[in-house]
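From first to last, the protein sequence lines stand for chains A and B. Under full-length UniProt numbering, the first residue of the first sequence is numbered 1, with each subsequent residue one higher. Under full-length UniProt numbering, the first residue of the second sequence is numbered 1, with each subsequent residue one higher. Below is one structure, written out as structure tokens; the observations come after it.
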Amino acid sequence: MRVLKCADTGVLVEVADLAEVVALRAALAERPPPGVTDVVPAARTLLLRVEPGTDTDRVAAAVADLPVGAGDRGGGGGTVTIPVHYDGADLADVAELTGLTPRGVVAAHTAAHWTVAFCGFAPGFGYMVGDDPRLHVPRRGEARTRVPAGSVALAGEFTGVYPRNSPGGWQLLGRTEARIWDLDRDPPGLLRPGVRVRFTEAS
Amino acid sequence: MSGASALEVIAAGPMTTVQDAGRFGHADLGVGRSGAADADSYARANRLLANPPGAAVLETTMGGLRVRARGPVTVAVTGAPVALSVDGRGAATEAVLHLPDGAELVMGLPDRGLRSYLAVRGGVDVRPVLGSRSTDVLAGLGPDLPVPGTVLPVGPPPRDFPIVDHVCAAPVSGDRITLRVDLGPRQDWFTDRALDTLLSGEYEVTPRSDRVGARLSGPALERSYAGELPSEGMVAGALQVPPGGEPVLFLADHPVTGGYPVVAVVRSADLPRAAQARPGTRIRFTARTRP
């Protein structure tokens, strides 16, 4: 673990891997250090935003002392099932990249156990990690200027669902009608850190 | 609440948003803080009117706002100093102003600074989104931007009363400003020469600047190696350096995470001055400690 300062406004904690991010996020949710207003988990780091005037050395020390469950993939956020129409524009490309058939990609995506590791990019966009390394694929060489809301996609070690129309460079597998982001719901995001996700094939 | 006061927008100027202290505790959903870009001027406007600290106000960029009082209201304008008039008569900024029912307040262009704040006693009482009345222009969250004809309800007056008529505020930024930074968190992604350049060169705020960030032009900052940084959390004040080498100074609506290294971060006390730096402003960065 390496702790880096962001002037007097934040503490950036760098850890070894995503599993450690997920475990440390869970530990911080249990015991937030005083002065921390927000925690932003990401792929290899957690940013702790602090109130002005907070002693960031003390925050750093508190983080180092947190009991972090090794190998804990978080969870505790419940499980959601997302039905998907697997008719995405990049399904054939993903099949080629993975060496699977398009049906094989669908089978692997629906069989995998996914967990939301962190959110970012847009409100409600959850980066989900799974247990099938065959589904690790690079981003598209060129990003699309418009990816429709509800698109289910792969990139790197992650799968994700676009909560609204936006530009994007992920490989599109299909689409869902599930409401990923809904301000009339509390909380508005379906895919929060720690939530476990299963994808099913929509009939 | 029927019969309550309101502000009717006659003209919104180049850019007017509703802002409060920001949206806290939702970063793990990918939702940023947003809030008034110049937090000092925002807080002062509310203090003048004895509003509670989180009351919502109107933030204008380069003035141009015109509003009509529906019912008698008490207001104050702070931040970038603008020529102000009420029903054609000159009025003072940084002061408590009473507008009778139907009075029209007109804001001119600021001759220095960028953002002015119009607070109303009782606060702008639009519906909060995720606990805040701030519009986050990047995330597309919060109240719609006021346009001509928008009627902004005013909340019930607070129990306390204003105790001063006007305040003497420090002038907002001029043509040249100095901002204090701390190096990091990714200073090791840059050469020593780049760090020297950052702290000795001069950067100019470009017109491609908004509430997300001030995009700067100036000497490029050289990376020490060309690796890819996995996206990580960003703070307001971060100087993020895209591949071109010219930094972007993140402001209130900055992205929650970013994929380019942050060479240094402006200290929180200097962020209000950064938010008042209009295009053409020249910025120097100083650090208390050298690498």
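Ideal Cβ positions, reconstructed from N, Cα and C, are used throughout, including at glycine. Keep in mind the model is a prediction, meaning the values are calculated, not measured.
Task: Proximity test, Cβ basis, 9 Å: residue 38 of chain A and chain B - done: yes
- [ ] For residue 85 of chain A, write down the residues that DSSP places opposite it in a beta bridge.
- [x] A/175
Open item on the list: Cutting at 6 Å between CB atoms, please list the residues of its own chain near residue 97 of chain A, excluding the five before and the five after it.
Closed with: 137
- [ ] Could you tell me the boundaries of the beta strand (DSSP E) in which residue 12 of chain B lies?
- [x] 6-12
TODO: Counting only runs of 3+ residues fully inside the segment 171-241 of chain B, write out the beta strand (DSSP E) ranges in chain order.
DONE: 176-183, 203-205, 213-217, 238-240
Open item on the list: Let me confirm a value: residue 116 of chain B is counted as buried when at least 16 other C-beta atoms fall within 10 Å, else exposed. Which label applies?
Closed with: buried
Open item on the list: Does any residue of chain A have a CB that is nearer than 9 Å to the CB of residue 257 of chain B?
Closed with: yes
TODO: Would you mind sorting residue 159 of chain B into buried or exposed? The rule is 16 or more other CB atoms within 10 Å of its CB.
DONE: exposed
Task: residue 166 of chain A - containing beta strand (DSSP E), residue span - done: 166-168
- [ ] Have a look at residue 287 of chain B and residue 8 of chain A and give me their C-alpha separation to the nearest angstrom.
- [x] 13 Å
Task: For residue 20 of chain A, the three-state DSSP class (helix, strand or coil) - done: helix
Open item on the list: Which residues of the segment 107-125 of chain A have a Cβ closer than 8 Å to any Cβ of chain B? Give them in chain order.
Closed with: 118, 119, 120, 121, 122, 123, 124, 125
Open item on the list: So that I know if they touch, is there some Cβ in chain A lying closer than 9 Å to that of residue 20 of chain B?
Closed with: no
Open item on the list: Closest to residue 10 of chain A by C-alpha separation, out of A/101, A/91, A/46, would be which residue?
Closed with: A/46
Task: Rounded C-alpha distance that separates residue 65 of chain B from residue 16 of chain B - done: 7 Å
Open item on the list: DSSP three-state label for residue 100 of chain A, please.
Closed with: coil
Task: Residues of the segment 127-143 of chain B whose Cβ lies closer than 8 Å to any Cβ of chain A, in chain order - done: 129, 130, 139, 140, 141
- [ ] List the endpoints of the continuous beta strand (DSSP E) containing residue 249 of chain B.
- [x] 248-250
TODO: Within its chain, find whatever has a CB closer than 6 Å to the CB of residue 258 of chain B; leave out the 5 residues flanking it on each side and keep chain order.
DONE: 234, 240
Task: Beta-ladder partner(s) of residue 287 of chain B, from DSSP - done: B/181
- [ ] At 7 Å on the CB atoms, spell out the chain A contacts of residue 182 of chain B, in chain order.
- [x] 5, 7
TODO: Note down, in chain order, every chain A residue with its Cβ under 7 Å from the Cβ of residue 251 of chain B.
DONE: The contacting residues do not exist; residue 251 of chain B stays about 13 Å from chain A at best.
Open item on the list: At the level of alpha carbons, what is the spacing between residue 126 of chain B and residue 102 of chain A?
Closed with: 49 Å
Task: Rounded straight-line distance, which links the Cα of residue 104 of chain B to that of residue 48 of chain A - done: 45 Å
Open item on the list: Could you tell me the alpha carbon to alpha carbon distance between residue 153 of chain B and residue 230 of chain B, rounded to whole angstroms?
Closed with: 44 Å
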